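K.L.:
Handing you a structure now.
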Amino acid sequence: MGALYRKVCNKRNLRRAALTVLANATSSTSENTRDEAERFKQDLERNLTDIRRQLADYRFAFAPARGIAIKKPGKTTRRPLVIAPIESRIVQRTILNVLSALPLVRSIHRMSYNLGGVLDGGVAKAIERAYRAGIKHAYYVRTDIKDFFTQVPREQLLAQITDQTGDPEFNRLLVSATAVELSNLAELKQHGDIFPLAERGVAQGSCLSPLLCNLFMHQMDEMLNTMPFEAVRYIDDVIIFGPNRSQVRKALKMLKEQLAQYGLDAYEPPARGAQRTGTEKAAEGETSRGFSFLGCDVTTDAIRPGKKARSSLIEKVRKLYATGVASQRHLKAVSGEPFSAKDDPTLLYTLWRVSNTVRAWGGAFSFCTDMRVFRHLDAELNGEYVAFRDHWKRRVKDLSQADRQRLIGVQLLEDVKFDPGFKSMVSSRAGTRRMESTNAMSANGAARNAAGEHGRGATVEGLLSTDRQDDKRHPASLKTEPLAGAQDSRGNNALDA
Numbered sequence: 000m001g002a003l004y005r006k007v008c009n010k011r012n013l014r015r016a017a018l019t020v021l022a023n024a025t026s027s028t029s030e031n032t033r034d035e036a037e038r039f040k041q042d043l044e045r046n047l048t049d050i051r052r053q054l055a056d057y058r059f060a061f062a063p064a065r066g067i068a069i070k071k072p073g074k075t076t077r078r079p080l081v082i083a084p085i086e087s088r089i090v091q092r093t094i095l096n097v098l099s100a101l102p103l104v105r106s107i108h109r110m111s112y113n114l115g116g117v118l119d120g121g122v123a124k125a126i127e128r129a130y131r132a133g134i135k136h137a138y139y140v141r142t143d144i145k146d147f148f149t150q151v152p153r154e155q156l157l158a159q160i161t162d163q164t165g166d167p168e169f170n171r172l173l174v175s176a177t178a179v180e181l182s183n184l185a186e187l188k189q190h191g192d193i194f195p196l197a198e199r200g201v202a203q204g205s206c207l208s209p210l211l212c213n214l215f216m217h218q219m220d221e222m223l224n225t226m227p228f229e230a231v232r233y234i235d236d237v238i239i240f241g242p243n244r245s246q247v248r249k250a251l252k253m254l255k256e257q258l259a260q261y262g263l264d265a266y267e268p269p270a271r272g273a274q275r276t277g278t279e280k281a282a283e284g285e286t287s288r289g290f291s292f293l294g295c296d297v298t299t300d301a302i303r304p305g306k307k308a309r310s311s312l313i314e315k316v317r318k319l320y321a322t323g324v325a326s327q328r329h330l331k332a333v334s335g336e337p338f339s340a341k342d343d344p345t346l347l348y349t350l351w352r353v354s355n356t357v358r359a360w361g362g363a364f365s366f367c368t369d370m371r372v373f374r375h376l377d378a379e380l381n382g383e384y385v386a387f388r389d390h391w392k393r394r395v396k397d398l399s400q401a402d403r404q405r406l407i408g409v410q411l412l413e414d415v416k417f418d419p420g421f422k423s424m425v426s427s428r429a430g431t432r433r434m435e436s437t438n439a440m441s442a443n444g445a446a447r448n449a450a451g452e453h454g455r456g457a458t459v460e461g462l463l464s465t466d467r468q469d470d471k472r473h474p475a476s477l478k479t480e481p482l483a484g485a486q487d488s489r490g491n492n493a494l495d496a
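The sequence shown begins at 0 in this note's numbering and counts up by one.
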């Protein structure tokens with residue numbers, strides 16, 4: 000067993016990777032991902048031991064992932080997202096942590112040109128570098144590499160890594176970890192071809208993909224940061240600064256020529272004088288007028304969330320409220336029809352999802368400086384909440400108290416899934432007792448009839464007198480009998496317990 004592969008098998012390394020993966024999964028907007036993470040955490044040590052044993056025995060296999068073709072706002076194209084099972088993600092993260100110690104990977108991480116998919120990176124740092132570059136330089140051009148994740152030459156990039164490891168077992172595991180196999184390819188139908196299932200492309204959603212992308216762009220980053228240029232890259236988003244338009248356009252041309260060697264390309268900014276929509280993949284202009292990068296509008300006096308990002312937040316919250324209002328949870332809970340928290344949420348779950356969405360969005364833009372934008376957004380979000388609250392009140396006005404509780408999210412005991420075995424047992428016993436009681440009543444009736452024939456001469460007054468005397472002798476006979484079976488094993492009344 001090679002040294003690198005042995006590190007992947009180390010349980011401490013697996014646990015470190017698992018904590019990172021589970022932290023990301025439990026904060027996911029996907030209910031399925033959160034549930035999967037919770038199940039794994041419930042027996043964390045045993046699950047990690049199973050993974051370690053499979054790796055040590057060379058039996059570990061990456062299970063097929065689930066592909067999601069995400070709609071792009073206002074477009075007909077879709078973004079291919081690959082969601083691997085928790086176990087696969089933990090091993091992938093462990094591989095990434097082991098790779099981070101290799102000289103080649105460390106050299107990439109040390110470079111400050113790219114801030115995406117590196118240990119000490121992030122959007123905030125990328126915006127900080129772009130802001131400082133914008134102050135120093137007069138002109139910029141921003142672009143996006145077309146179909147970057149799905150067209151990266153994966154096999155060539157893996158070869159650069161495997162040539163340096165000296166560990167065949169680790170190399171085989173790495174190649175397997177970066178391959179894409181989908182469990183729901185038939186469901187994706189016409190969208191299946193957008194996923195990187197061949198030798199080109201990497202999975203969006205895998206922690207190993209940014210590493211391969213950064214390895215691919217490493218030399219281009221150095222080229223774009225040779226005087227008089229300065230560039231900032233975040234995976235496939237690139238902004239180049241320079242002294243004038245001619246110079247930055249020259250840099251863009253150099254980038255496009257390098258990409259073309261691998262069958263890739265970058266977007267061109269709209270022609271001068273063309274009407275802009277604000278959603279272009281590329282742009283250029285004087286830095287003194289500000290620029291947009293990574294969802295932010297950057298000027299010398301402020302950094303703000305961009306219009307597209309703000310609109311996206313409002314739209315997400317609006318959809319969450321609409322789903323909450325349309326919930327059929329109360330009806331499905333009674334009928335036994337299956338339902339999910341996502342499609343038929345309670346009031347409390349709806350508010351929780353809205354709160355989480357707003358909190359996550361605010362955290363992503365917490366480095367921005369213009370509080371007026373956030374206060375304006377709060378006012379818009381409050382308007383959405385008021386509309387939801389009023390709609391909700393109208394919706395539940397005519398519902399029963401029980402259905403209101405179901406929609407709010409308060410558990411009803413009658414909705415609990417009771418054990419049918421006990422009910423069957425008790426019902427069977429109750430039926431036997433009723434039969435015995437019926438037989439006894441029939442026997443008593445026959446006896447009374449016989450007694451009536453024998454004492455036909457008794458007067459009515461005498462019989463009534465006898466009944467009254469019996470009542471006096473047995474006053475307890477006038478009390479109400481307790482419910483049959485209403486006592487527990489200690490003789491206590493179960494209804495009073």
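Where is the CB? At the ideal position from N, CA and C, for every residue including glycine. If you're wondering where the values come from, they're calculated on a predicted model, not measured in any experiment.
One question on the structure: do residue 319 and residue 352 come within less than 8 Å of each other, judged by their Cβ atoms?
P.N.:
The residue given as residue 319 occupies position 320 in the sequence shown. The residue given as residue 352 occupies position 353 in the sequence shown. Yes. Within cutoff.
K.L.:
Whose C-beta lies closer than 8 Å to the C-beta of residue 309 among residues of the same chain, with five residues either side of it excluded?
P.N.:
Taking the sequence shown and counting its residues from 1, one reaches residue 309 at position 310. Within the same chain, residue 309 has close Cβ partners 372 and 376.
K.L.:
What residues are listed by DSSP as bridge partners for residue 203?
P.N.:
Against the sequence shown, residue 203 aligns to sequence position 204. DSSP, once it has assigned bridges, lists 80 as partnering residue 203.
K.L.:
If you follow the beta strand (DSSP E) that residue 241 is in, where does it begin and where does it stop?
P.N.:
Your numbering for residue 241 matches position 242 in the sequence shown. That run of the beta strand (DSSP E) goes 236 to 241.
K.L.:
Tell me which residue opens and which closes the alpha helix (DSSP H) that residue 212 is part of.
P.N.:
Sequence index remark: in the sequence shown, residue 212 carries index 213 (1-based). Membership of residue 212 in the alpha helix (DSSP H) is indicated by the continuous run 208 to 223.
K.L.:
Straight-line CA distance for residue 302 to residue 296?
P.N.:
Within the sequence shown, residue 302 is the residue found at index 303, counting from 1. Within the sequence shown, residue 296 is the residue found at index 297, counting from 1. Each residue's alpha carbon lies about 6 Å from the other.
K.L.:
Let me check understanding here. Comparing Cα to Cα, which of 257, 360 and 292 lies closest to residue 545?
P.N.:
Outside the shown range of the chain, which is 0 to 496, sits residue 545, and nothing can be said about it.
K.L.:
With DSSP run on the structure shown, which of helix, strand or coil describes residue 8?
P.N.:
The sequence position of residue 8 within the sequence shown is 9, counting from 1. Helix at residue 8.
K.L.:
Compute the Euclidean distance between the alpha carbons of residue 89 and residue 20, then round it to the nearest angstrom.
P.N.:
Indexing the sequence shown from 1 puts residue 89 at position 90. Indexing the sequence shown from 1 puts residue 20 at position 21. For residue 89 and residue 20, the distance between alpha carbons rounds to 6 Å.
K.L.:
By Cβ distance below 7 Å, which residues in the same chain neighbour residue 200 in space, the five residues on each side in sequence not counted?
P.N.:
Taking the sequence shown and counting its residues from 1, one reaches residue 200 at position 201. Around residue 200: 148, 149, 150, 151 and 153.
K.L.:
Alpha carbon to alpha carbon, how far is residue 369 from residue 220? Give it in angstroms, no decimals.
P.N.:
Along the sequence shown, read from residue 1 onward, the residue named residue 220 stands at position 221. Along the sequence shown, read from residue 1 onward, the residue named residue 369 stands at position 370. Residue 220 and residue 369: Cα-Cα distance of roughly 31 Å.
K.L.:
Taking the alpha-carbon positions, what's the residue 417 to residue 423 distance?
P.N.:
Along the sequence shown, read from residue 1 onward, the residue named residue 417 stands at position 418. Along the sequence shown, read from residue 1 onward, the residue named residue 423 stands at position 424. Distance between the alpha carbons of residue 417 and residue 423: 11 Å.
K.L.:
Nearest CA to the CA of residue 261: which residue from 216, 426, 294 and 240?
P.N.:
Along the sequence shown, one-based indexing puts residue 261 at 262. Ranking 216, 426, 294 and 240 by Cα distance to residue 261 puts 216 first.
K.L.:
Which whole runs of the alpha helix (DSSP H) in the segment 48 to 125 are 4 residues long or more, in chain order?
P.N.:
85 to 98 and 102 to 109
K.L.:
Based on Cα-Cα distance, which residue from 263, 378, 129 and 367 lies nearest to residue 290?
P.N.:
As a working mapping, residue 290 is identified with position 291 in the sequence shown. Per the Cα distances, 129.
K.L.:
Three or more beta-carbon pairs under 8 Å between the segment 106 to 125 and the segment 187 to 204, yes or no?
P.N.:
No, the segment 106 to 125 does not touch the segment 187 to 204.
K.L.:
Tell me whether residue 166 is buried or exposed, calling it buried when 16 or more other Cβ atoms sit within 10 Å of its Cβ.
P.N.:
The residue given as residue 166 occupies position 167 in the sequence shown. Buried, because 16 or more other Cβ atoms sit within 10 Å of the Cβ of residue 166.
K.L.:
Mind checking which residues open and close the beta strand (DSSP E) that includes residue 284?
P.N.:
Along the sequence shown, one-based indexing puts residue 284 at 285. Segment 282 to 285, the beta strand (DSSP E) holding residue 284.
K.L.:
Taking the beta carbon of residue 102 as the centre, do at least 16 other beta carbons fall within 10 Å, making it buried, or is it exposed?
P.N.:
The residue you call residue 102 lines up with position 103 of the sequence shown. Counting C-beta atoms within 10 angstroms of its own C-beta, residue 102 has fewer than 16 neighbours from the protein chains shown and is therefore classed as exposed.
K.L.:
Sorted by chain position, which residues of the same chain lie with C-beta nearer than 8 Å to residue 84's C-beta, five sequence neighbours on each side aside?
P.N.:
Position 85 of the sequence shown, counted from the start, is the residue given in the question as residue 84. Closer than 8 Å at Cβ, skipping near neighbours: 35, 62 and 64.
K.L.:
Should residue 95 and residue 18 be called a contact, given that it needs their Cβ atoms to be closer than 8 Å?
P.N.:
The residue you call residue 95 lines up with position 96 of the sequence shown. The residue you call residue 18 lines up with position 19 of the sequence shown. Not closer than 8 Å, so no.
K.L.:
I'd like the list of long-range same chain contacts for residue 119, defined as Cβ closer than 8 Å, with 5 residues on each side in sequence excluded.
P.N.:
Within the sequence shown, the letter at position 120 stands for residue 119. Excluding residues within five positions, the ones whose Cβ falls inside 8 Å are 108.
K.L.:
Taking only runs of the alpha helix (DSSP H) that begin and end inside the segment 124 to 168, which ones reach a length of at least 4 residues, in chain order?
P.N.:
The segment 124 to 168 contains these whole alpha helix (DSSP H) runs: 147 to 150 and 153 to 164.
K.L.:
Please list the terminal residues of the continuous alpha helix (DSSP H) segment that includes residue 34.
P.N.:
For the purposes of this step, residue 34 is identified with residue 35 of the sequence shown, where counting begins at 1. 30 to 41 is the span of the alpha helix (DSSP H), which, as asked, contains residue 34.
K.L.:
Report yes if the CB atom of residue 231 is closer than 8 Å to the CB atom of residue 125, and no otherwise.
P.N.:
Sequence index remark: in the sequence shown, residue 231 carries index 232 (1-based). Sequence index remark: in the sequence shown, residue 125 carries index 126 (1-based). Taking 8 Å as the Cβ cut-off, residue 231 and residue 125 qualify as a contacting pair.
K.L.:
Which same chain residues, not among the five before or five after residue 472, have their C-beta less than 6 Å away from its C-beta?
P.N.:
Start at 1 with the first residue of the sequence shown, and residue 472 comes out as number 473. Low per-residue confidence applies at residue 472: pLDDT is 43, beneath 50, and the placement is therefore not dependable enough to give any value.
K.L.:
With DSSP as the reference, please indicate the residues paired to residue 303 in a beta bridge.
P.N.:
The residue you call residue 303 lines up with position 304 of the sequence shown. Paired residues: 296.
K.L.:
Taking DSSP's pairing of strands, which residues face residue 232 in a bridge?
P.N.:
For the purposes of this step, residue 232 is taken as residue 233 along the sequence shown, with counting starting at 1. Beta-bridge pairing links residue 232 to 113 and 237.
K.L.:
Exposed or buried, which one is residue 292 when buried takes at least 16 other CB atoms within 10 Å?
P.N.:
The residue given as residue 292 occupies position 293 in the sequence shown. By the 10 Å Cβ count, residue 292 comes out buried.
K.L.:
In the DSSP output, what is residue 363 paired with across the bridge?
P.N.:
Stepping through the sequence shown from its first residue, residue 363 is reached at position 364. Looking at the DSSP assignment, residue 363 forms no beta bridge with any residue, so it has no partner.
K.L.:
Check whether the Cβ atoms of residue 408 and residue 330 lie closer than 8 Å to each other.
P.N.:
Against the sequence shown, residue 408 aligns to sequence position 409. Against the sequence shown, residue 330 aligns to sequence position 331. Result no, Cβ atoms of residue 408 and residue 330 do not sit closer than 8 Å.
K.L.:
Give me, in chain order, the residues of the same chain whose beta-carbon lies closer than 8 Å to that of residue 8; leave out the 5 immediate sequence neighbours on both sides.
P.N.:
Here residue 8 refers to the residue found at position 9 when the sequence shown is read from its first residue. Hits under 8 Å: 0, 51, 54 and 55.
K.L.:
Can you tell me whether residue 405 is buried or exposed, with buried defined as 16 or more other CB within 10 angstroms of its CB?
P.N.:
Taking the sequence shown and counting its residues from 1, the one referred to as residue 405 is at position 406. Residue 405 should be labelled buried.
K.L.:
Closer than 8 Å, CB to CB, is residue 323 near chain B or not?
P.N.:
Looking at the structure shown, chain B is missing, and only one protein chain is on hand.
K.L.:
Using the beta-carbon count (16 or more within 10 Å), is residue 238 buried or exposed?
P.N.:
For this step, residue 238 is matched to residue 239 along the sequence shown. Classification of residue 238: buried, given that the 10 Å Cβ count is 16 or more.
K.L.:
Rounded to the nearest angstrom, what separates residue 279 and residue 357 at their Cα positions?
P.N.:
Taking the sequence shown and counting its residues from 1, one reaches residue 279 at position 280. Taking the sequence shown and counting its residues from 1, one reaches residue 357 at position 358. Cα to Cα, the separation comes out at about 26 Å.
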